[in-house]
Each structure stands twice: as C-alpha cells, then as structure tokens.
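In what follows, a single structure is set out as structure tokens and then discussed.
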Amino acid sequence: VHRKLSPYLYVLPALLLVGFFVLYPVAKGIYISLLEYNPLTGRGPYVGLKQFLRLFQDRILWIALRNNVLYTMITMVTEVGAGLALAVLINRVKTGWLSNAYRVILFAPRVLSMAAVSILFGLVFHTQFGLLNNILRNVGLASLARTWLGRTDTALLAIIGVSFWSFVGFSAILYFAALQRIPQSYYEVAAIEGASALRQFVQITIPLISGMTTVLVGLALIGGFTEFAIPYILTGGGPSHSTEFLVSWSIKQAFEMNRMSYGTAISILLLIMELIFTFAFLRTREGKSYEY
Amino acid sequence: MMRRMFLVVLCSFFAVGMAVAAGQKEAKSAKIVLNVAGIFVDDLKPWEEIVAMYKEKFPNVEIKWTNMNNDDYQRGGLTSLFAAGTPPDVYWNFGGDRQVARYIEAGQAMGLMATLAAEKNWEGNKVWKDSFLPSALTSGRMEAEEKDLYLLPIDINYVCAWYNADVFNKVGVKAPTTFTELFQICQKIKDAGIIPIVFGNKGRWQGGHWFGTMIERVAGKKAFDELRLTRRAYTDPDILRAFELLEKFVKAGFIVEGVNTITQEDGWPLIWAGKAAIEASSGSWNIPNWDEQGIAYDLFKQPKDENGKGDWRVEMSNKAGFMLYPKTTYKAEAIGFLKAVSSMAAEKIHVQIRGQLPVLLGSDSFIVNPKMLKFIREISVPATDTIIFPEDGFAPDVDAIFQDALEAMLDGKPAKEVTAAAQKRVEALK
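Chain order of the listed sequences is A and B.
Heads up, the first sequence is in this note's numbering, so the first residue is 93 and it goes up one at a time.
Heads up, the second sequence is in this note's numbering, so the first residue is 16 and it goes up one at a time.
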C-alpha cells in the first residue's frame, strides 16, 4: 500500500497548488460567466450562455482577436527565425569572452520586466522627444518620423517591434544551447560526403533543434495570445482600439465597464482557443523528435 | 517548607504571567485598524498630518492606507477590494454614475446625511452639516433623486484652460474668450513654431474635459446631459456642430501630435519648456505641480461659442471625497475619521498643501495662492451650473462610446463619420 500510495503523495503538493491556483479559478470563472455577476455584492442572477452569445456581437472583440492572431503569427515567425539566425552566428564565434558577451547582451532584455520595457519604449516612440524620431530627423529621414503609437497603421507594428526586441535574444540563447548539443562529428561526416553548408544546416541542424523549435513556437503561441503588458502600457489599446488585445479587452470589460461576467466570458474564450492551438500544434509535432 | 515556598513562587510567577498575557491580549484587542482606500500614492504626507490629528482623539485606531494610482483605482482597483472580500471601512471616490451610483446600488455605501445633521463637527462648535458650503452637499450621483448624501465632499474640482504666459507674450496674444479667438491665437502660435494645444488623452479623460465643455458651449447643458443619458443623438445638428468645431482645430494641426498616446504628465513638459502654449483643460488640483516649475503661467475660462446655445457660466466640475462602507465594524471610528478629514484644520491642508478648492464655509481665508484665488473668483464662484466630467458622469458603456468618438476625432476622422458611428453604437445599446 505504501508503495502504491507514495507516488501520489509526492505529486500531491503540486496537485494541490495547481488545483487551488489554476483549476479553482478556471471553475470559478466558468461559474461567473454564466451569471450577471456584480463584484461589489459577490452575487448575480443566472443568465445561461448570454455572455457567450454577446461575444458574437462585440465588434471590438473581433478587432482584438484579429490583433492577437496577427501579433502571434508575426512575433512567432520573426522571433523564432531571427533567434535561430542569431544563434547560428554566435555559435560561430570562437572567442570565449566574445561569445559570452554576445549571450549576455542578447539575454539582457529578457530579464527586464515587461512593464519597464514598455515604459522605456514609450519614450523611444515619443513623438516629440522620442529616440526613434530624433534619430530619423538627424539622419535626414525626417519624413519618416511619425506618431508611431498614435496611428492605426503603425501602432500594432510598434508593439510587435517591442516584443521582438524583448524576446529575440531569449530565442537565440535557447537555440544556441540546442546547437551546442549537436555533435560536431555529424557535420564532419557530412562535409566529407560533400554536403554543402546549406544542406548541412537543413538536414542536420534544423531536425536536431526541432525540439527547441517546438518549445519556442509553443511559448510564442501562448505568449502571443496572452499578451497584455506591452499594448496596455504603450497604447492602452488605442488609437481607436487598433491595438486592443483579448486580455486587455477582457480586463477593460470586467473592471472598467463593470461587466465582470462578460470579461470572464472573454477569458474563457481565450482559454479554449489556447487549448485548441496548443494541442493542435503538439499533435503536429508528435513523433518528430530526434534522439542523438 | 522549601518545597511549599517553591510552589508558592511558581504559582506567583504563573499568576503574574497569566495577568500580563491577559493584559496584553486586552491591549491588543483595543487596537483598531481602520482600512482606508485612496489614490494618494505620491501625496500621502498631507494626509498623515490629518491622521496625526485624528489619532489625538482616537489613539487606539491605526489607519491602514491602501493607495493606488488614480487611473488604476478608478478603473478596477477599488472594485477589486470589494470583489476580493476585503472592503475598506472608508474609501475615496468620485461623484457620478460611473463610480458613486454603483456603490449605492450594490449597498456598499452608507447614507451620511442623518449623521451629518445629528452630530457636531470635529471641532464640536456647530452641526457637522452646517460646516459645509451648501453646494458641496449633493449626493454625488448625477441621476439620483434620493435625498441622502453618500460621498462626503473633500475636493471640488473645476477645470479650465492653462497657458504658458511667456509664450503668449512672445507671440503677442491674449487669453481668448471665444472659440473664434482661440482659433486665431492658435494660428499665431503655430506660425511661431510652437504647438498651440496640448493635453494627454491616453487615459481617456482629459480630452473629454475639453470637448465636453465644447459641447456645452455649442449645444448647451441640456444637450450635454441628454447625450450623457443617451436621450440626444450624436447626429443631432447641435451635437454635430460641436464635433465639427473640434474637427476644425484638429484639421488645422493645432493639437499636439499623438495626443491619444500621451498622458497629461507627458504633455506638461512641452508647455513648461515653451514648446507648447496651452493645456486645453486641467483642474485646480494641478496648481501645486505648475507652481513648482517656477514658470509664468495663467488660466482662462473655457471660451464661449458666439452662435452657441451654451451658457458661459456653466463649468465642468466634479467632486471627490470619502464614502463609508455600511457594514464596517468600526462605524464610530470611521465617522470620526470623516469628521477629521472635513475639519477646519484639515481644510487648511486640503487648500494650501493639496491645492484643493474649499468645501467648508469660512475657509476662504486659507486661499493664499493667486491661481487658486483666480479659480475661485472667475470659475467656481460665478458658475451658475455645472456639467460633470464624462469619465465620471457617463455610464461606462456610454462613456466608452463618447471616448471612442473623441479618440477617432483626434485621430483625424471626419465629424460626420464619427458621429454616425457613435450613434449606431448608442442604438445598439438601447
């Protein structure tokens, strides 16, 4: 009995923590989304699926969803792709201290809080005093200087740029670690067989770092759909909701518009979408890892 | 014998120990913690002076502040305290449908009028209610017909336009009294290479203060209030005319670029540095901030519209103050706190240090700041009526439509398109 029970006892603390901090809030969220809940009284009448039906009529929700999808796709491709390119470049640096310096510089943005990064970039993008516009003006490209965060055609791009700055180094460092694990002998054999550098990269490097790609794409997918700090701090979702994201819209509904149940329904929609995307992505990756 | 003595000593120690422990427990239970929620993150010091005064009468009460940034507090922070099951005994709030009404409807606000009428003020020299300026003692809820008072007024806020006087002198312009004059001086300021008008609309409130007054000046107070209650259409000719007036200023390039992406605090340095001239709308509570800069500045009433239906004596205003949680365990202490913060000594602090306009009768002598005097003489005292700050006075759904419309206007969208879209959303609400 002791042997049978002991594995469960080992995982019990973790299960309790997950249950209390994850499962219970999700269950409570589902419950609240079925009510017209007033947070000030802790009560509300049962309204069934009314909050979920409202989702279809909410114009801004669809803008937020489009932004989340665009943001996720672009950041995923650029951050993972550029991260890999940077990792390959650092991997070629043979001077130990230089390689270390590159890694520290690349990883540094990741240790800063997103709130601090967003405030910092708020200053970079400032129309009058901002670093970006000042550089453009000083190099004779004043016509390109603009209100980056105040225009519907540039605000989302600016937010994507901040995310790229913050996460590309992280991708690079993880890829670098994966590249370091690939035995050099594979490349030596391929070179003897006459494989070009490109072919070596495509047929050796890419498959052997695919595990890391799975991790990074998964992180980008989850991070993209739960993005909040950068748009909320930089633009507050504006101008004209052009940088509204699902999480920020959910929070605004719940706390600014006093619609706690509807805000929760948006969160549940987000949770369902994330579960679907994550499982679908993991299914596509099944059986594609390489042992070496 | 020795054994007996040992037992006696032991028992004595035990008895003394028990007594001390009981005494400590009693002392501990007598200590009361009064939870107060507010927005005084950076300016708690004046409140600490008031608390020190309060503690002279209530030595067993400890005031535990939960302070948040104003925007966070108004947009979810205070609600979160209630939602989390940790309601404060006393909480700061703002008048209007967005804030006060919700707490009244949820039964989380105590009516104060009976207490004010029955009890003496902090000083004990008059009935508490009679300490206040009569205009300060309204419910704070715009649509309310109830006779009670739920928000004890501490601050009355009025807004007007502010400007850098050196810039005005340099350009050779004077404070305008009409929108036509404002437009003309903006042109001169722009021609001098200076940004004419600055405000920060990122928080979706400051622009509403300016434009709300513009609506009143063009369409009248009745139209403003009807728009607030969705009884007047955005496409109404008078309302549309107000939007078109704003459009004129936007199209002329008089408003700072990126106005929707900056905060009020982002805009100030532009004016203080002489790169911009006018802050379109700002409140009396900012006088200490501007005074600190040591620059020459002045104020002017929001201009009138020569052909408009508005009244130049109507000003945009709201109150802020404390509300009482009706289920507080420490009602007497909480009411004592309200008396302390509305005492004459506290009023002096509110006026002279916090830069607030007075709410108590006979506190005019506290006003020594010339800008504050100007606010009193030219704006708050001559005001015959008020319109409320949109972010406080409009219901959340209605405010969202109003702020979205304003944001779109400031983003350069045409008035007709914006008002039509806004009205469509109002219809959907109904």
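Here a beta-carbon is modelled for each residue, glycine too, at the ideal position from N, C-alpha and C.
Keep in mind it's a predicted model, so treat the numbers as computed, not measured.
Start and end residues, beta strand (DSSP E) containing residue i
i: L314(B); result: Y312 to F315
i: A292(B); result: A291 to G298
i: E393(B); result: Premise fails: E393(B) is in no beta strand (DSSP E) and is neither H nor E.
i: D170(B); result: L167 to N179
i: N333(B); result: V329 to L339
Rounded separation between residue i and residue j - CA only
i: P99(A); j: E366(A); result: 30 angstroms
i: I122(A); j: I211(A); result: 34 angstroms
i: D87(B); j: E330(B); result: 26 angstroms
i: F268(A); j: V103(A); result: 33 angstroms
i: F369(A); j: R135(A); result: 34 angstroms
i: F404(B); j: A119(A); result: 39 angstroms
i: L375(B); j: S146(B); result: 6 angstroms
i: T228(B); j: D414(B); result: 15 angstroms
i: V185(A); j: L178(A); result: 11 angstroms
i: A283(A); j: L290(A); result: 11 angstroms
i: P103(B); j: T318(A); result: 31 angstroms
i: K217(B); j: Y278(A); result: 56 angstroms
i: A443(B); j: A423(B); result: 19 angstroms
i: K431(B); j: N230(A); result: 39 angstroms
i: G309(B); j: M387(B); result: 16 angstroms
i: A78(A); j: L176(A); result: Residue 78(A) cannot be examined here, being either before or after the span of chain A that is shown, 93 to 384.
i: I364(A); j: I314(A); result: 12 angstroms
i: N50(B); j: D58(B); result: 18 angstroms
i: S255(A); j: V66(B); result: 45 angstroms
i: K79(B); j: I47(B); result: 10 angstroms
i: R90(B); j: W240(A); result: 26 angstroms
i: A180(B); j: L314(B); result: 9 angstroms
i: R205(A); j: D206(B); result: Residue 205(A) is actually Ser in this sequence, not Arg. Roughly 43 angstroms between the two C-alpha positions.
i: I293(B); j: A190(B); result: 10 angstroms
i: I227(A); j: S258(A); result: 21 angstroms
i: A52(B); j: Q123(B); result: 14 angstroms
i: K428(B); j: L249(A); result: 21 angstroms
i: V35(B); j: A45(B); result: Confidence at V35(B) is low in this model, with a pLDDT of 48, below 50, so the placement of that residue should be treated as unreliable; the coordinate-derived value is given next. Cα to Cα, the separation comes out at about 15 angstroms.
i: L115(A); j: F194(B); result: 58 angstroms
First through last residue of the alpha helix (DSSP H) which encompasses residue i
i: D400(B); result: First-last for D400(B): D400 to I403, but that is the beta strand (DSSP E), not the alpha helix (DSSP H).
i: L367(A); result: M352 to R377
i: H94(A); result: H94 to V110
i: R243(A); result: Premise fails: R243(A) is in no alpha helix (DSSP H) and is neither H nor E.
i: F417(B); result: P411 to L425
i: L164(B); result: Segment: none, L164(B) is in no alpha helix (DSSP H) and carries neither H nor E.
i: A237(A); result: Counting along the chain, A237(A) falls outside any alpha helix (DSSP H), and DSSP gives it neither H nor E.
i: V118(A); result: Y116 to S125
i: G136(A); result: From DSSP, G136(A) is part of no alpha helix (DSSP H); its letter is neither H nor E.
i: K142(A); result: K142 to L147
i: G282(B); result: Q279 to W287
i: I227(A); result: L223 to N230
i: A129(B); result: M128 to A133
i: A435(B); result: A430 to L444
i: Q308(B); result: I302 to Q308
Anticipated Cβ contact below 8 angstroms, residue i with residue j, distance rounded
i: R113(B); j: D407(B); result: 5 angstroms
i: A287(A); j: S125(A); result: Between S125(A) and A287(A) the Cβ distance is about 56 angstroms, and since that is not below 8 angstroms, they are no contact.
i: T457(B); j: F239(B); result: There is no way to answer for residue 457(B), as the model of chain B reaches only from 16 to 445.
i: G351(B); j: F73(B); result: 5 angstroms
i: F373(A); j: G310(A); result: 6 angstroms
Within chain D, partners of residue i - CB distance below 8 angstroms
i: F113(A); result: This model lacks chain D altogether; the protein chains it does include are A and B.
Problem - Contact residues within the stretch 409-436 of chain B, judged by C-beta distance below 7 angstroms to chain A - result: Correct list: P411, D412, A415, D419, E422, A423 and D426.
Problem - Every unbroken alpha helix (DSSP H) within the stretch 157-211 of chain A, with a cutoff of 4 residues, ordered by chain - result: Runs of the alpha helix (DSSP H) inside the stretch 157-211 of chain A: 188-203.
Problem - Under 7 angstroms (Cβ pairs) to chain A, residues found in the stretch 338-358 of chain B - result: Considering only beta carbons, no part of the stretch 338-358 of chain B lies closer than 7 angstroms to chain A.
Exercise for the section: Enumerate, from N- to C-terminal direction, the unbroken beta strand (DSSP E) stretches of 3 or more residues contained entirely within the stretch 174-253 of chain B. Expected result: DSSP runs (the beta strand (DSSP E)) wholly in the stretch 174-253 of chain B: 210-213.
Practice task
With a floor of 3 residues, list each beta strand (DSSP E) that falls wholly inside the stretch 37-117 of chain B, ordered by position along the chain.
Solution key: DSSP runs (the beta strand (DSSP E)) wholly in the stretch 37-117 of chain B: 47-53, 76-82 and 105-109.
Problem - Uninterrupted alpha helix (DSSP H) stretches inside the stretch 253-288 of chain A (no shorter than 4 residues) - result: Listed in chain order, they are 276-284.
Problem - Members of the stretch 362-375 of chain B near chain A, C-beta cut-off 8 angstroms - result: For the stretch 362-375 of chain B, the set of residues with a beta-carbon nearer than 8 angstroms to any beta-carbon of chain A is empty.
Problem - Residues within the stretch 349-374 of chain A neighbouring chain B, beta-carbon criterion of under 9 angstroms - result: Within the stretch 349-374 of chain A, the residues whose Cβ lies closer than 9 angstroms to some Cβ of chain B are M349, N350, R351 and M352, listed in chain order.
Practice task
Select from the stretch 269-284 of chain B all residues with a C-beta closer than 9 angstroms to any C-beta belonging to chain A, and list them in chain order.
Solution key: Listed by position, the residues of the stretch 269-284 of chain B near chain A (Cβ gap below 9 angstroms) are V271, E272, G273, V274, N275, T276, I277, D281 and P284.
Handout entry: Entirely enclosed alpha helix (DSSP H) segments - the stretch 314-346 of chain A, minimum 4 residues
Key = Within the stretch 314-346 of chain A, the complete alpha helix (DSSP H) runs of at least 4 residues are 321-326 and 338-343.
Exercise for the section: Identify each residue in the stretch 310-331 of chain A for which the Cβ-Cβ distance to at least one residue of chain B is less than 9 angstroms, and report them in chain order. Expected result: Against chain B - using a Cβ distance shorter than 9 angstroms - the residues of the stretch 310-331 of chain A are L326, T327, G328, G330 and P331.
Practice task
With 9 angstroms as the limit, tell me which residues of the stretch 238-263 of chain A have their beta carbon closer than that to any beta carbon of chain B; keep them in chain order.
Solution key: Those residues of the stretch 238-263 of chain A that come within reach of chain B (Cβ to Cβ, closer than 9 angstroms) are R238, T239, W240, L241, G242, R243, T244 and A247.
Exercise for the section: Quick one: which residues of the stretch 188-219 of chain B get their C-beta closer than 7 angstroms to a C-beta of chain A? List them in chain order. Expected result: Going along the stretch 188-219 of chain B in chain order, one finds K217 with a Cβ nearer than 7 angstroms to chain A.
Handout entry: chain B contacts from the stretch 210-234 of chain A (Cβ-Cβ distance under 7 angstroms)
Key = Under the 7 angstroms Cβ criterion, the stretch 210-234 of chain A contributes T219 and Q220.
Practice task
Anything in the stretch 115-134 of chain B with a Cβ closer than 9 angstroms to a Cβ of chain A? List those residues in chain order, please.
Solution key: Cβ contacts with chain A: R117, Y118, E120, A121, G122 and Q123.
Handout entry: Continuous alpha helix (DSSP H) assignments of at least 4 residues falling wholly in the stretch 341-383 of chain B
Key = Within the stretch 341-383 of chain B, the complete alpha helix (DSSP H) runs of at least 4 residues are 346-356 and 359-367.
Handout entry: Chain-ordered residues of the stretch 117-135 of chain A with a beta carbon less than 7 angstroms from chain B
Key = Listed in sequence order: N130, P131, L132 and T133.
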